[in-house]
Amino acid sequence: MAIAPLPPRPAGERPDTRTAFSLNGADVAARADETILQVADRYGVAIPRLCYKDGYRPDGNCRACMVEIEGERVLAPACCRLPSAGMKVTSTSARAVKAQQMVLELLLSDMPEQSASPYKRESELDRWAAALDVRAPRFPQRHQPAPDLSHPAMSVNLDACIQCGRCVRACREEQVNDVIGYAWRGEHAKIVFDLDDPMAASTCVACGECVQACPTGALMPANNVGLIVPEKSVDSACPYCGVGCLLTYNVKDNQILSVDGRDGPSNASRLCVKGRFGFDYVHNPRRLTTPLIRRTGVAKTTGILDPDDLASAFREATWEEALDAAAAGLRGIRDTRGPSALAGFGSAKGSNEEAYLFQKLVRTGFGTNNVDHCTRLCHASSVAALLEDIGSGGVSNQVADVALADVAIVIGSNPTVNHPVAATFMKNAAKAGTKLIVMDPRRNELARHAAYFLQFRADTDVALLNAIMHTIVEEGLADEAFIRERTENYAALKMLVAEYSPEKIAPVTGIAAHTIREVARLYATSERSMIFWGMGVSQHVHGTDNARCLISLALLTGQIGRPGTGLHPLRGQNNVQGASDVGLIPMSFPDYARVDDPDVNQRFEALWETKLDSKPGLTVTEVMDAAHAGTLRGMYVMGENPAMSDPNVGHAREALALLDHLVVQDIFFTETAGYADVILPASAFPEKTGTFTNTDRRVQLGRQAIDPPGQARQDLWIIMELARRMGLDWNYAGPREVFAEIRRAAPSMAGITWERLEAEGSCTYPLEHEGDPGEPVIFVDSFPRPGGRALFAPAAFSDAAELPDERYPFIFTTGRQLEHWHTGSMTRRASVLDALEPEPTIVIHPDDLAAIGVAPGGTLTLESRRGTLTASARADRGMQRGTLFMAFAYNEAAANILTNDAIDPFGKIPEFKFCAVRLRAGGELVESRL
Amino acid sequence: MYREQGGYAQLERAFKELTPKDVADICMGSNLRGRGGAGFPTGRKWSFLPNNGHPRYLVCNCDEAEPGTFKDHMLLEQTPHAIIEGILIGAYAVGCHHAFIYIRGEFKAGFAIFRAAVEAARAAGYVGKNLFGTGFDLELTVHRGAGAYICGEETGLLNSLEGKRGEPRLKPPFPAVKGLYGEPTVVNNVETLAYLPHILRNGAEWFAKVGPERSPGYKVVSISGHVKNPGNYEVPLGTTIRQLIWDCAGGLRDGRTLLGVQPGGGSSACLFEEHLDLPYDFESISKAGSMLGSGAMVVFDDTTNFVKAAHALIRFYAHESCGQCTPCREGGNWLEKTLVRILEGRGLHSDVDMLVSASHQLTGLNLCPLGDSIEPFLASVVKRFEAQFRAYIREPKAAPVAV
Ligand SMILES: Cc1cc2nc3c(=O)[nH]c(=O)nc-3n(C[C@H](O)[C@H](O)[C@H](O)COP(=O)(O)O)c2cc1C
Ligand code: SF4
Ligand code: SF4
Ligand code: SF4
Ligand code: FES
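Quick note, the sequences are listed as chains R and H, same order. Position 394 (the first sequence) corresponds to 394 in the working numbering; numbering is contiguous. Position 106 (the second sequence) corresponds to 106 in the working numbering; numbering is contiguous.
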């Protein structure tokens, strides 16, 4: 075999880290910690391997990679052997090849029919067997296990299993789900799910990492899609959460066959169940494929329209007709009632380019700043606090930094469910020694990996965090130098937290004083401590105060501005960061430039060549109130579903029904679309190209893999057509041109070029000048505030807006679940996800359930001051007694019927995480409408 | 009772009069070699522990499951205090404050006896805090296994002790560097450690002078098979095999002649009558192409069906393979099936040839020595008693096949 010349030494590598040795007679050099196999790969020497997988710990068990080392009695496995200087290694000697062939022959003998894997094209075993000319094995076949086809997403055919253990490592070490194990001995040795349960009955979370790891197809996506040859594979990104996993779509006949994890900077080839198996919503027969116009005379009621009965309320229209009608209605209101009678809701699911054009349309075409999106419902309070205290709403450090942290607080977040791949990195870190401090009223999966789990009383975050800060101040653990040099207003914080001794706060939070003190010491004294939080922090009427406390905690201890430290509010939607960055919020233009700052206003008037409103617009919740009040009469809603996602959703539905004119642009007939006057069929994520910014401030490219169905059109085109009809003269040739304009509007992204995105797939901003590397860690030596100093904003403990009382004694909180995304509009139409979680459940402590005499799975009815719903009960000991949880994805029992629309005064975020309800056994279950 | 015979006196002496290094030097000087199977010099093994300030562990291996071996079982039940004293002396010598003993799951009675003995030792102040007022703390944890031969392999044992699946670890790193809970660890056999009090009492010289220079001292040999008096016999190494069979175990049953001797447990190759005058020590046995192993001698007379004997042993290894390595898991299983096929009269002549060639090809490819234990006995008896194997083949014509 030809040996390639020595590759150039990578920059920064010192010469003494290389080990020179000989491989098949040629001189080669190993980098530090490189195994013989890795060196061989780099030099193009093919050594068979089966249990080895790039990036996984080498286990050295298949023994296919045996090589001969001069002077050693036995052969050595190349995959886990480090070369030493002067070693003479041969992979092609007769003895080595014989050993390699022996292993392949033994494994081949166990394959079904003793030949090529029937489950996967190009099984790795088949490829190596062919390469080494191993054919018809001499050995009899072992007893073959029966297939396990119980799972909707994956098939298990262990007759093709070679016991390489890659799936075990995938499950236990990469994703740390600890489901797959290796059981029994000898001939009976096999992988098992939990205690040898069928896959579907096990605790498997269907991340599919094992499928991706399996070399033979023993674990494969269900329905034999692995056997179909794709026409093309398109590198793109995941459409769901803010983790921003990169992936590859395998496509044939305009259909997505399967999805593979791609080695992105935020996911290292990992995916979760939604990213890997939740893609077929795009092929759902219920996709909107024709523009629709409401029939004249069909009144809008607050009920949800039956999607089977669309024709009774809507008629099909041509694009021309629909766009004209959509624009005419909006124009009419603008011209008669004034621009502020209009509003637009964009989407955090759309690309940066779509979000940018959408807000530009509202600002320059409608003439108002009434533009917002679901960020209002997720991290608006966090962002308000961050902007106030440290001058920037982005995360200070990326998720991957958790590996560098000695301590990480995860509060008000259930990452294994909501940010599953980010959670895998937290679990990896915990296994490697990072001490996790999980704080949440509800016990989650991550708590299993935590050094401390603080299950505090719901809504007492401020008290708990102030008590932690109290301890730090009292015990002299504050970073005085950092406080002196980089912050202001410390005296006020000190005075406030003095009131919050752990001893006094313990009964409020339910956490023992000594635990509060230990956690405070741990966080303050470690070299590097990090904080992650989710919507358990932000979605309260004092969400901004919650976030302020977390910021103060980091400032107080100087745990920010260095790798492995800092503040990371985990973003929800795949582009909630980007949508806000490019101005899809009512108070700022792109890059958080305040609309009420005259200089800023002038700058954007120049850029957009038009007059701009300098009054901040209405937020999501305020828009609904204005519709009720009759001051707001028309809306353009793109890819949002306020009829499901807003708090006290009955109120929101009434508001939508009151509008004179509503244009809805979506891929499905959502609950909101039922109130529309015009419905524009849009494109799904894989049907268009654009950039998306993840929770790590990484701008990443999603590429078009398939065409939109029927007459559905790409959203950029639709926005531009509407803009034209609103009197704007736009001519963007595509996302690339829009992105070029974003660079001019948002200085922190000015250095990112489309070419670089195409080449690298991902760039971290701030990246102001072309060629900059980007800044993964920010606030290194100053904060973007006056004087470069961060602000301590002391926050006093206050109660939720609606406390439980005798009439409504239970606390009700909402959130998501692993399988379903937000209002379920995509995931409930994805077959695998729907099969895994088909119906709504009320999560409740088993003792509370027993107290009213209902068995798990039985029916419960919940009632709040705003509405009532019925669903099945799911017992969960992770709940505190007296607290109930529901995901808000189900229209047949929409959790937001119950929630309170009281809002935080700063972030204007509603209190999704706390309201009072009462509970009774029984009730009438409703069918879902999808 | 044990104390009346001078028990724990050496432990006390070690703590009060000797430094850990003195004890280690005595062990090194005695040239004691491990009695667990590999025969590695114990003093040298101890010297591999790095001085990195980490906690160190000593683990006594009492998993004894090697076919034919039953010496540790006896020691456990009959002289538990000698084992405890040996463990404590060893722990003192290597600077370990927490020692473990891993007892085979099936040793139910031995486990109870041993645990009671440890409690007695603790009550007497030999286990626990501040031993003999020296400030040296030493804990001893007794762990019972769950019945897997592979847990006797030292790294499989450490995994099992940590509560993980009992499967061997990749080496390097060796346990001395990264063992129990990732810390430097010594694993020693029961018998090895039980010799320590004696060596301390009588001096390194006393032990080193017994038997051949490079494998000195006494050894408990478990003799079984076709002999009149099977049992454990403690003899000086270097005693001949003939002496062991006839002088110790009472010789063969009347009227029988010897066909073979497996000298060192299931993993050792069979020796034959021409080897009877070999001195029984590590060096001589390995020079003859077999090994002394754990010191388990199985004697076969002329009634032996070696096809069945080989099958029984191969079935054991195939069954006990932890299942990691392809050659061990698949190969063992394949050989077992082939032997079944031969025994059932469905074998081919080529099968007999392949027993030798394939078992040889499996060897040296595995992660731990279990996989390499499949070949020696099988190959040695197929070669010697080929006719017995061929007699099972009903294939019409012997068609020699080269493999
Ligand atoms: C499959 C296998 C089983 C083993 N079983 C035992 C055992 O039961 N007892 C034992 O002391 N050593 C056993 N060993 C040897 C141990 O790995 C180790 O070498 C020994 O415990 C070291 O003790 P020593 O140095 O005192 O001999 C086994 C080795 C293998 C490969
Ligand atoms: S199922 Fe696949 S990955 Fe898992 S052990 Fe078997 S062959 Fe390897
Ligand atoms: S973690 Fe988020 S981005 Fe990654 S695959 Fe899952 S839903 Fe998609
Ligand atoms: S040789 Fe056999 S017993 Fe040893 S590690 Fe490999 S499979 Fe397990
Ligand atoms: S690839 Fe090296 S042992 Fe499997």
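Cβ coordinates follow ideal geometry from the N, Cα and C atoms, glycine included.
Check	Outcome
Say whether chain R places a C-beta atom closer than 9 angstroms to the C-beta of P175(H).	no
Under a three-way DSSP split, which group does G135(H) fall into?	coil
Taking the C-alpha atoms as reference points, what is the distance between V220(H) and G133(H)?	35 angstroms
Measuring straight from C-alpha to C-alpha, what distance separates F389(H) and G295(H)?	28 angstroms
Shortest alpha-carbon distance to A313(R) belongs to which of I191(R), A403(R), I679(R)?	I679(R)
Between H449(R) and chain H, is any beta-carbon pair separated by less than 9 angstroms?	no
Applying a beta-carbon distance threshold of less than 8 angstroms, which residues of chain H neighbour L132(R)?	Residues of chain H passing the Cβ test: none, with the nearest at roughly 14 angstroms.
Quick check: the segment 302-321 of chain H against the segment 116-133 of chain R, are there 3 or more CB pairs under 8 angstroms?	no
What is the DSSP secondary structure of V780(R), counted as helix, strand or coil?	coil
Between the alpha carbons of E485(R) and R789(R), how many angstroms are there, rounded?	8 angstroms
Establish whether the CB of V403(H) and some CB of chain R are separated by less than 9 angstroms.	The predicted position of V403(H) is uncertain, since its pLDDT is 44 and thus under 50; no value can be drawn from it.
Near ligand 3, which residues have their beta-carbon closer than 5 angstroms to a heavy atom?	C238(R), Y240(R), C241(R), V243(R), C245(R), L271(R), C272(R), K274(R), G275(R), P420(R), V421(R)
Could you check what DSSP says for V403(H) in three-state terms: helix, strand or coil?	In this prediction, V403(H) scores a pLDDT of 44, lower than 50, which makes its location untrustworthy; the coordinate-derived value is nonetheless stated afterwards. If DSSP states are grouped into helix, strand and coil, V403(H) belongs with coil.
For the segment 245-265 of chain R and the segment 767-774 of chain R, state whether three or more C-beta atom pairs, one from each stretch, are separated by less than 8 angstroms.	no
Which class does D715(R) belong to by DSSP, given the choice of helix, strand or coil?	helix
Please name the residue, chosen from V917(R), A889(R), D309(R), that lies closest to I868(R) on a Cα-to-Cα basis.	Note on identity: in this sequence residue 868(R) is Thr, with Ile being the wrong assignment. Measuring from the Cα of T868(R), the nearest candidate turns out to be V917(R).
By a C-beta neighbour count over all protein chains shown, 10 Å radius and 16 as the cutoff for buried, is A146(R) buried or exposed?	exposed
In chain H, which residues lie less than 7 angstroms from E187(R) when you measure between Cβ atoms?	A318, N333
Keeping to the same chain, check which residues put their C-beta closer than 7 angstroms to that of I36(R); ignore five residues upstream and five downstream.	V67, A78, R81, P83, V89
Report the option in C62(H), F282(H), L75(H) whose CA atom is closest to the CA atom of R104(H).	C62(H)
Just to confirm the assignment: which complete beta strand (DSSP E) runs, minimum length 3, are found wholly within the segment 68-123 of chain R?	88-90
Quick check: Q324(H) and D59(R), are their CB atoms within less than 9 angstroms of each other?	yes
Quick one: is L362(H) near chain B, going by C-beta distance under 9 angstroms?	Reference to chain B is not applicable here, since the protein chains of this structure are R and H.
Does T19(R) come within less than 9 angstroms of chain H when only Cβ atoms are used?	no
Enumerate in chain order the residues of its own chain whose CB-to-CB distance from D456(R) is below 7 angstroms, with the five nearest sequence positions on each side excluded.	Inspection of the sequence shows that residue 456(R) is occupied by Phe rather than by Asp. These residues qualify, in order along the chain: M439, P441, L464, T509, G510, I511.
Please list, in chain order, the residues of the segment 160-194 of chain H that have any C-beta partner in chain R closer than 7 angstroms.	R165, L170
Could you check the C-alpha separation between V403(H) and F193(R) for me, to the nearest Å?	The pLDDT assigned to V403(H) is 44, lower than 50, so where the model puts this residue is not dependable, and the model offers no usable value.
Sort out for me which residues DSSP pairs D260(R) with in a bridge.	T248(R)
Roughly how many whole angstroms lie between the Cα atoms of L555(R) and C549(R)?	10 angstroms
Can you list, in chain order, the residues of its chain whose CB lies under 6 angstroms from that of M886(R), leaving out five sequence neighbours each side?	T814, I842, A895
Would you say L138(H) faces chain R, with C-beta separation under 9 angstroms as the test?	no
Please report the Cβ distance between Q939(R) and V134(R), rounded to the nearest whole angstrom; I am assuming they are in contact, meaning their Cβ atoms lie under 8 angstroms.	Only positions 1 to 930 of chain R appear in the structure, and residue 939(R) is not among them; the question remains open.
Under a three-way DSSP split, which group does M644(R) fall into?	helix
Please name the residues in the segment 92-126 of chain R whose beta-carbon is closer than 8 angstroms to at least one beta-carbon of chain H, in chain order.	K98, A99, M102, V103, L106, L107, S109, D110
With respect to 8 angstroms, is the separation between the Cβ of V168(R) and the closest non-hydrogen atom of ligand 2 below this value?	yes
Please confirm whether any heavy atom of ligand 1 lies closer than 8 angstroms to the CB of N61(H).	yes
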